[in-house]
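Residue numbering for the sequence shown follows my numbering, beginning at 11 and increasing consecutively.
Every residue, glycine too, gets a C-beta built ideally from N, C-alpha and C.
Reading through the structure tokens given below for one structure.
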Amino acid sequence: MDHSHAGHQHAHSHGHHHAIDMKQVNNAFIIGIILNLLFVVIEAIVGFNVGSLSLLSDAGHNLADVASLGMSLFAFRLAKVKSNEKFTYGYKKTTVLVALLNAAVLFLSIGAISYEAVRRLFNPEPLPGKVISLVALIGIFINAITALLFLKSKDRDLNIKSAFLHLMADAVVSAGLVIGGIVIYFTGFYWIDPALSLLIGAIILISTWQLLKNSLRLSLDAVPEGISLRHVQAVINKVHGVRDFHHIHIWAISTTENALTAHVLVAKDSDMNTVERIKQEIKHELFHLNIQHATLEIETENAQCEESHPQEKV
């Protein structure tokens, strides 16, 4: 069985398409974590002192995003850790476990926020709208500045794109809090604060559900998001010299790397050069489908494995 990594073969020919400035990305994550963590502390302290549930909810939301940034940075760092005798894939899949833990903690925080928000809706408390708006305004600048750090590389990696979108969403939420604070200041409608808190909770719930769903999918070795098994099958079928294939499996090694194994059937008179060309062409195509690690077992028509059967349909 041949086991080589498609990514290695593309290091030179396609490096310019997928190159990421790792130092710049690393610095962006660190700066983003520090700035957002400082803002979480400020927002939580002010929210607690003035009794603003919307500020406390947003602080929880931002803290979750700090954790998300941390996990992304963790994933990049883990990618450099070599595999060993016990962990032949390395420690890359710990990012999936951390994502599951993060989702569980978020669900608990949503429950606590929602309970308190409903209580406040029926018993509104006086709040300084001006203070809420000023703190939220700081949030807009911090989230926007941090998002810009990821702008250059956002289309080259799913983790980076996720971080960029999270930060932009946080800026929008902060803008909503600014407007809410202004309305409270001029109208005295204190119920707006818990209402905004419930809205933020709903936003967190949507993103958390996606996080939980994707984490569970990856934990169960499901086909990763963004990859279509039917499309992969069609691509393999189109490679000249492929007669059939079976036992195809696609799974995630980490939140950023995917793998595939398959048995590929070729003509019985195929020589070594033909077999090698077929393997390289398949790996080339798979690499562009975000499958970096391909393991292919080549079988000839007169020497198929005993358990092989016609191409599996999905």
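Using a Cβ-Cβ cut-off of 6 Å (strictly less than) and excluding sequence neighbours within five positions of S47, which residues of its own chain qualify?
According to the sequence as given, residue 47 is Leu; it is not Ser. Cβ within range, chain order: V76.
Are the stretch 271-279 and the stretch 241-259 touching by the rule of at least three beta carbon pairs closer than 8 Å?
yes
Can you tell me which of the three DSSP states E307 falls into?
strand
Given this structure, state the Cα-to-Cα distance separating V285 from M32, to the nearest angstrom.
One C-alpha to the other measures close to 36 Å.
Thinking L63 and D203 are a contact (beta carbons under 8 Å), I'd like their distance in whole angstroms, please.
6 Å
Here's the rule: buried if 16 or more other CB atoms are within 10 angstroms of the residue's CB, otherwise exposed. What is Q302?
buried
Would you mind sorting H241 into buried or exposed? The rule is 16 or more other CB atoms within 10 Å of its CB.
exposed
Alpha carbon of S93 to alpha carbon of T104, nearest angstrom:
13 Å
Mind checking which residues open and close the alpha helix (DSSP H) that includes W261?
Counting along the chain, W261 falls outside any alpha helix (DSSP H), though it belongs to the beta strand (DSSP E) covering V252 to A262.
Nearest-angstrom Cβ-Cβ length linking K102 and E267, presumed shorter than 8 Å
7 Å
With C-beta atoms as the reference, is T265 less than 8 Å away from A109?
yes
What whole-angstrom Cβ distance do I260 and I237 have, given they're in contact under 8 Å?
Their Cβ separation, rounded to whole angstroms, is 6 Å, which keeps I260 and I237 in contact under 8 Å.
Decide if N224 is buried, meaning its Cβ has at least 16 other Cβ atoms within 10 Å, or exposed.
buried
If you run the structure through DSSP and keep just helix, strand and coil, what is A232?
In the structure shown, A232 sits in coil (DSSP, three-state: anything other than H, G, I, E or B).
Going by C-alpha distance, which of A304, I155 and I120 is nearest I216?
I120
Residues near V35 in its chain [Cβ-Cβ closer than 6 Å; skip 5 each side]:
S163
Does the stretch 141-148 come close enough to the stretch 120-131 that 3 or more CB-CB pairs lie under 8 Å?
Taking a cut-off of 8 Å on C-beta distances, the stretch 120-131 does not touch the stretch 141-148, as fewer than three cross pairs fall below it.
In three-state terms, what does DSSP make of A269?
In the structure shown, A269 sits in a strand (DSSP, three-state: E or B).
Could you please give me the residues that DSSP links to L275 through a beta bridge?
D254 and E309
With 16 other Cβ atoms within 10 Å as the buried cut-off, status of G198:
exposed
Compare the beta carbon distance of I148 and V183 with 8 Å and say whether it is the shorter of the two.
no
P136 and Y200 - do their beta-carbons sit closer together than 8 Å?
yes
For I288, which option in I44, A185, N247 and A114 has the closest C-alpha, if you only look at C-alpha atoms?
N247
Would you please state the rounded distance, in angstroms, between the beta carbons of A205 and L131? I believe it to be under 8 Å.
7 Å
E95, enclosing alpha helix (DSSP H) - first and last residue:
Unbroken run through E95: none, as it is neither H nor E.
One question on the structure: do V56 and L73 come within less than 8 Å of each other, judged by their Cβ atoms?
no
Going by DSSP in three states, S62 sits in which element: helix, strand or coil?
coil
Cβ-based burial, V106 [other Cβ within 10 Å; buried from 16]:
buried
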